Every structure is written in C-alpha cells, then in structure tokens.
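The sequence shown begins at 0 in numbering that gives the first Met the number 0 and counts up one residue at a time. Glycine included, every Cβ here is placed at the ideal spot set by N, Cα and C. None of these values were measured; they are calculated from a predicted model.
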Amino acid sequence: MSTRVREVSAQEAEDFGISTDRFCTEIERGYLDADGDVVQYTVTVDYTNREHCFTSRPTPEDLARRV
0 MSTRVREVSA
10 QEAEDFGIST
20 DRFCTEIERG
30 YLDADGDVVQ
40 YTVTVDYTNR
50 EHCFTSRPTP
60 EDLARRV
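So this is what it looks like as structure tokens:
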C-alpha cells in the first residue's frame, strides 16, 4: 500500500468540477493471493470529501506472464 499527496490534474478538475489549485490524496492498494499474484488493484483518490475509487483485476494472461 502506498499513499501520496499530489496536485489535481487538469482532466480531474474538468471531470469533477474542482480547481487545479487543490491537492488530493491518492491511496494505492494491491491485493495478493497466497502465491503472491495480484488479484485486485485499487486506487482511491480523495478530493477532499469527494472520494473516487478505481479498481482493476488482472486478466488470466497477466497472471500467466508472472510464471
């Protein structure tokens, strides 16, 4: 898990109707199975009380490449 604070991008400002002068908190989480393979990857971005979560799961091809 990692957390960082960064400036809001121009695209995010346009998408969410907020100022580019703001900062947001970005939290990345990777969920692993017993073999250490990533089974889910989540990025949560908090725009000060406007939280958005983006989730992805690796495809079987992604997992096969790790072998």
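Within a Cβ cutoff of 6 Å, which residues of the same chain sit near residue i, ignoring the five residues on either side of it in sequence?
i, result
"residue 1", "27"
Under 7 Å Cβ to Cβ from residue i, same chain only, skipping five residues before and after it: list those, please.
i, result
"residue 55", "40"
"residue 61", "none"
Drop a sphere of 10 angstroms on the beta-carbon of residue i, count the other beta-carbons inside from all chains shown, and report buried for 16 or more, exposed for fewer.
i, result
"residue 38", "exposed"
How about residue i and residue j: are their beta carbons less than 9 Å apart?
i, j, result
"residue 47", "residue 5", "no"
"residue 23", "residue 42", "no"
"residue 11", "residue 44", "yes"
Counting only the same chain and skipping the five closest in sequence on each side, list residues whose C-beta sits under 8 Å from that of residue i.
i, result
"residue 132", "The chain is shown from 0 up to 66; residue 132 falls before or after that span and cannot be answered."
"residue 68", "Nothing in the structure corresponds to residue 68, since the chain is present only between 0 and 66."
Compute the beta-carbon to beta-carbon distance between residue i and residue j, rounded to the nearest angstrom, for a pair I have assumed lies under 8 Å.
i, j, result
"residue 19", "residue 33", "Not a contact, Cβ separation roughly 43 Å."
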